[in-house]
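Undergrad:
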Amino acid sequence: MNRIDRLNALLIHLQGKPRVPISELEERFEVGRRTIFRDIRSLIDAGVPIGGDAGQGYFVVEGYHLPPVVFNKEEASAILLGAKFIERSADTQTIDAFNKAMYKIKAVLKYSDKEFLDNLEDRVAIRPSPVPMKQPDSHLAEIQVAIATNRVLSMNYYSHYNDKTTDREVEPLGMVFYSSRWHLIAFCRLRQDLRDFRTDRIQKVRVQAESFDPSGHPNYLDFLNEALIGTDAKEAIIHTSPMVARFMGEQKYYMGFVEEQKLSDGNYEMKFITPHYNYFARWLMSYGNEVEIISPSELQGIAANFAKELLEHHSAPFLAKT
0 MNRIDRLNAL
10 LIHLQGKPRV
20 PISELEERFE
30 VGRRTIFRDI
40 RSLIDAGVPI
50 GGDAGQGYFV
60 VEGYHLPPVV
70 FNKEEASAIL
80 LGAKFIERSA
90 DTQTIDAFNK
100 AMYKIKAVLK
110 YSDKEFLDNL
120 EDRVAIRPSP
130 VPMKQPDSHL
140 AEIQVAIATN
150 RVLSMNYYSH
160 YNDKTTDREV
170 EPLGMVFYSS
180 RWHLIAFCRL
190 RQDLRDFRTD
200 RIQKVRVQAE
210 SFDPSGHPNY
220 LDFLNEALIG
230 TDAKEAIIHT
240 SPMVARFMGE
250 QKYYMGFVEE
260 QKLSDGNYEM
270 KFITPHYNYF
280 ARWLMSYGNE
290 VEIISPSELQ
300 GIAANFAKEL
310 LEHHSAPFLA
320 KT
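So for the sequence shown, numbering that gives the first Met the number 0 puts the first residue at 0; every next one is plus one.
#1: Measuring CB atoms only, is the segment 138–151 touching the segment 165–173, in the sense that at least three cross pairs come out at less than 8 Å?
#2: According to the Cβ coordinates, are I272 and A232 closer than 8 Å?
#3: Would you please state the rounded distance, in angstroms, between the beta carbons of R200 and Y157? I believe it to be under 8 Å.
#4: Whole angstroms is fine: what's the gap from Y253's alpha carbon to I237's?
#5: For R5, count neighbouring Cβ atoms within 10 angstroms of its own Cβ and tell me buried if that reaches 16, exposed if not.
#6: What are the start and end residues of the alpha helix (DSSP H) that includes P241?
#7: Just tell me which of S111, F36 and L9 has its CA closest to the CA of R27.
#8: Could you give the first and the last residue of the continuous beta strand (DSSP E) run that contains L152?
#9: Between L79 and L262, what straight-line distance do the alpha-carbon atoms span, to the nearest angstrom?
#10: How long is the line joining the alpha carbons of D90 and Q202, rounded to whole angstroms?
#11: Could you work out which residue in R180, Q55, Y110 and I3 is closest to S41 when comparing CA atoms only?
#12: Cβ of T93 within 8 Å of Cβ of A140?
#13: Can you look up M284 in the DSSP assignment and give me helix, strand or coil?
#14: Considering only the alpha carbon of each residue, which of H275, S240 and Y286 lies closest to D264?
#15: Can you tell me the Cα-Cα spacing of G173 and Q55, whole angstroms?
#16: Could you name the residues of the same chain whose beta carbon sits closer than 8 Å to that of I301, not counting the 5 residues immediately before and after it, in chain order?
#17: Rounded to the nearest angstrom, how far is the Cβ of L24 from that of F58, given a contact under 8 Å?
#18: According to DSSP, L183 sits in a beta bridge with which residue or residues?
#19: Count the other C-beta atoms from every protein chain shown that fall within 10 angstroms of the C-beta of Y160, then say buried if there are 16 or more, exposed otherwise.
#20: Which of the three DSSP states is assigned to F58 in this structure?
Encoded structure:
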């Protein structure tokens, strides 16, 4: 990036946050602190009202505005890809808001770039998932407001576990998209603990005037990782053929994959951390004799029992006919 482009990008970056630490600017632009100091001084000399210091971070004084932002076709194309995912994974309100933003983006493009984007838009698609991803009533907009402003949410939540709807007051800590759904991680005042709420099961929601301090709760991602992996997660070592190693693809990451190494015989050794040996063994059995369980013996025993049960189940009708 040349200096003119960096100065422009630096100004846009400063306008994007109330205050930006100098370490963040060093990391983004991959330059030293002295270069950042010189760039900020150049912007100030050019009339841009920048406040702050290296200790507290820098900011652009409120009220100063850049001329209308112009996107190039590469930036607009990246936003288009994001729009395709939003169409499949967000609720109606969020999709409508993003579509309006896309119209504004297209409005500032050059004519040649508009044509480029129109041609691309019809030739980029997200294949439908077997599990419906679009969530027309998941209240994402209200949830985002509550998270950003540290406001309490009141909601009617349907629990699939006991087939009941309960009134909840929660302190929202974060949103996570996994397993083809948006999830709200929040402190539930009814249960007095952190909970994972599927947003498509929220029937009604209201952002309250009451605020809360999120620093009083654990990090929402740490909570989620512990909930998904479990505190009693255990290690498993397997050997696989090259074909299975290739076919596993990204699925192995959902099963707790940690690392792999190629063996001298061409096969692969894989290490997993899983809290559920039963579930993990059933998954391994789908690959037949192309997988060998090395450890632990407990997992070997579970897989052997499953194999015996399958043999008895499928051979019984055959033996009855003979």
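Using N, Cα and C, we set each Cβ at its ideal position, and we do this for glycine too.
Bear in mind the structure is a predicted one, so any value in this text is a computation, not a measurement.
TA: Judging by the given coordinates:
#1: Segments in contact, yes.
#2: With respect to the 8 Å criterion, I272 and A232 are classified as neighbours on the basis of their beta carbons.
#3: Yes, they are in contact, since the Cβ atoms of R200 and Y157 sit about 5 Å apart, within 8 Å.
#4: Between the alpha carbons of Y253 and I237 lies a distance of about 16 Å.
#5: Sixteen is the threshold: when 16 or more other Cβ atoms of the shown chains lie within 10 Å of the Cβ of R5, as they do, the residue is buried.
#6: P241 to M247 is the extent of the alpha helix (DSSP H) around P241.
#7: Of the candidates S111, F36 and L9, the one whose C-alpha sits nearest the C-alpha of R27 is L9.
#8: Its beta strand (DSSP E) spans residues R150 to S158.
#9: Cα-Cα distance, rounded: 43 Å.
#10: Separation of D90 and Q202 (C-alpha to C-alpha, rounded to the nearest whole angstrom) is 13 Å.
#11: Nearest in C-alpha terms to S41, of all of R180, Q55, Y110 and I3, is I3.
#12: Going by C-beta atoms, T93 is nearer than 8 Å to A140.
#13: Residue state, collapsed to three classes: helix.
#14: When each option's Cα is compared against that of D264, the closest is S240.
#15: Distance between the alpha carbons of G173 and Q55: 26 Å.
#16: Only Y276, N277 and A280 meet the Cβ criterion.
#17: Contact between L24 and F58 is absent: CB atoms are separated by about 12 Å, not below the 8 Å threshold.
#18: DSSP lists M174 and F196 as partners of L183.
#19: By the 10 Å Cβ count, Y160 comes out exposed.
#20: The answer is strand: DSSP assigns F58 an E or B state.
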